[in-house]
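Just so it is clear: in the sequence shown, position 112 is 403 by my numbering, and no numbers are missing. Idealized CB from N, CA, C, for every residue including glycine.
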Amino acid sequence: MRWGEGFFEGIACLEALLSWIRSGSPSIAGLAVDPSALSSRVQAFESALSELKEGVANKEMEGGPPVGDDDIARAHRLTTLLKTWTPGSDLPSEVATLAEQLITKFGDEPEQTNTA
Numbered sequence: 292m293r294w295g296e297g298f299f300e301g302i303a304c305l306e307a308l309l310s311w312i313r314s315g316s317p318s319i320a321g322l323a324v325d326p327s328a329l330s331s332r333v334q335a336f337e338s339a340l341s342e343l344k345e346g347v348a349n350k351e352m353e354g355g356p357p358v359g360d361d362d363i364a365r366a367h368r369l370t371t372l373l374k375t376w377t378p379g380s381d382l383p384s385e386v387a388t389l390a391e392q393l394i395t396k397f398g399d400e401p402e403q404t405n406t407a
C-alpha cells in the first residue's frame, strides 16, 4: 500500500470513529467502519506517518504538517487500544482523545503533501 492510501484511509477511518463516539450511539451498527478493520486501518495510518516523516527527512517529499515521533506514538497507542477492544464493550476514553489529536493535526490539509 502506498503511503497516501494508508494516510487518507486512516484519516477517514478516524473521522468515522470519532463521529460515532461523539454521537453517543450505544450500537456498533452506527459505526461507519467495519469494527474488525479499525485497528488495521489505523496501523496503516501509523505506517504512512512513518513513511511521510522519513520521506520529508530525506527530501523525497515536501509539504503537509510535520510528522513527529509523538504523532507516530499516538497512532501506535490508538492501534494497540483498538486491537484489544471488543466491539460491544466500552471503548477506552483515550481512543477519542488520540483520534481527535490526530485528526486535528492531519485531517485538514494532507492533500498538499507531494512527492518531490
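Whole-angstrom distance between residue j and residue i, CA atom to CA atom
i	j	result
residue 404	residue 342	Per-residue confidence for residue 404 stands at a pLDDT of 41, beneath the threshold of 50, marking its modelled position as unreliable; the derived number appears in the next sentence. Their backbone Cα atoms lie some 12 Å apart in a straight line.
residue 318	residue 388	20 Å
residue 313	residue 322	11 Å
Residue range of the alpha helix (DSSP H) that includes residue i
i	result
residue 329	326-348
residue 362	360-375
residue 389	384-397
Proximity below 8 Å, CB of residue i to CB of residue j
i	j	result
residue 301	residue 333	yes
residue 308	residue 390	yes
residue 366	residue 337	yes
residue 299	residue 356	no
Whole-angstrom C-beta distance between residue j and residue i, which should lie under 8 Å
i	j	result
residue 362	residue 340	6 Å
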